[in-house]
Amino acid sequence: MTTANSENSAPHHAASTNGIPAKSNRLVWIDLEMTGLDPKQHVIVEVAALVTDANLNILGDGYSAVIHASAEELAKMDEVVVRMHQASGLDKEIAESTTSIGEAEHAVLDLIAQHCEEDWTVPLAGNSIATDRRFIQEYMPKLDQRLHYRMVDVSTIKELSRRWFPRAYFQQPDKGQAHRALADIVESIRELDYYRRAVFVDPDELSSNDAARAKDDATATYQRFL
Numbered sequence: 001m002t003t004a005n006s007e008n009s010a011p012h013h014a015a016s017t018n019g020i021p022a023k024s025n026r027l028v029w030i031d032l033e034m035t036g037l038d039p040k041q042h043v044i045v046e047v048a049a050l051v052t053d054a055n056l057n058i059l060g061d062g063y064s065a066v067i068h069a070s071a072e073e074l075a076k077m078d079e080v081v082v083r084m085h086q087a088s089g090l091d092k093e094i095a096e097s098t099t100s101i102g103e104a105e106h107a108v109l110d111l112i113a114q115h116c117e118e119d120w121t122v123p124l125a126g127n128s129i130a131t132d133r134r135f136i137q138e139y140m141p142k143l144d145q146r147l148h149y150r151m152v153d154v155s156t157i158k159e160l161s162r163r164w165f166p167r168a169y170f171q172q173p174d175k176g177q178a179h180r181a182l183a184d185i186v187e188s189i190r191e192l193d194y195y196r197r198a199v200f201v202d203p204d205e206l207s208s209n210d211a212a213r214a215k216d217d218a219t220a221t222y223q224r225f226l
């Protein structure tokens, strides 16, 4: 399944290349749903990816697919994960899926090739992405080689904002509880865009009203992708 076509891209920021080729400044946003948190025991059951430019504009088509898992693999889920995937409807889609993790890896590599510089590794971006990266290393090694060792973790900015910019932290856009990969990515992009507007400024110049306006702007920009 593809999403976020080029007509729906969000050109809300002017590009700033600073002499660096635009394709070399891209970010690849990947979110995974798994059967657990241990890549040696658990497997990936959903993959979604979007590419943004340096200014967080979503580029072209994204990718989202549910990955088939065997009954034996699904049996390793604990009760918390089972309930989460039941609530989201993912459990039924896993059973019906015929997509392999290899096919998903190939599709994400094609997406990166379409939008990113061929000879550059691309930073992985997302929220709390250390676990996602471990699963990518385990199950999608070719994709892992295409990703830069540096990562853009939105949760880092969240934690720093809580300590240094509490007014901005408490105005951050609301998050859903869908636990579906594509929605999680869009929310992460939206959250980083909010922090870009509300935090990467002189803290003495930021009022609570400014933070509230930044929240509304970031929410409106990405709402149509959710």
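Take the sequence shown: its position 13, counted from the start at 1, is 13 in full-length UniProt numbering, and no numbers get skipped. Just so it is clear, CB atoms sit at the ideal spot from N, CA and C, and this is done for glycine as well.
Beta-carbon proximity check, T131 vs K76, cutoff 8 Å: A distance of 8 Å or more separates the beta carbons of T131 and K76.
Start and end residues, alpha helix (DSSP H) containing W164: 154 to 164 is the extent of the alpha helix (DSSP H) around W164.
Inter-residue spacing [alpha-carbon to alpha-carbon] between E191 and P21: If I take the Cα positions, the gap works out to 25 Å.
Contact check, L182 vs S64, beta carbons under 8 Å: A contact, by the Cβ cut-off of 8 Å.
Rounded C-alpha distance that separates F165 from A69: Spanning the two alpha carbons is a distance of roughly 43 Å.
Three-state secondary structure (DSSP) of S9: In this predicted model, S9 has a pLDDT of only 47, less than 50, meaning its place in the structure is not dependable enough to derive any value.
For A218: DSSP bridge partner residues: BP columns for A218 are empty, so no partner.
Distance CB(V122)-CB(L143) smaller than 8 Å: Result no, Cβ atoms of V122 and L143 do not sit closer than 8 Å.
Cα-Cα separation between V201 and G60, rounded to whole angstroms: Looking at the two C-alpha atoms, the distance is approximately 29 Å.
Cβ distance (whole Å) where L56 is taken to contact D193 below 8 Å: That belief holds up - the Cβ atoms of L56 and D193 are roughly 5 Å apart, short of 8 Å.
For P141, three-class secondary structure by DSSP: Reduced to three states, the DSSP call for P141 is helix.
Pair within 8 Å by beta-carbon distance, V43 and E72: Going by C-beta atoms, V43 is not nearer than 8 Å to E72.
P203, DSSP secondary structure in three states: In the structure shown, P203 sits in a helix (DSSP, three-state: H, G or I).
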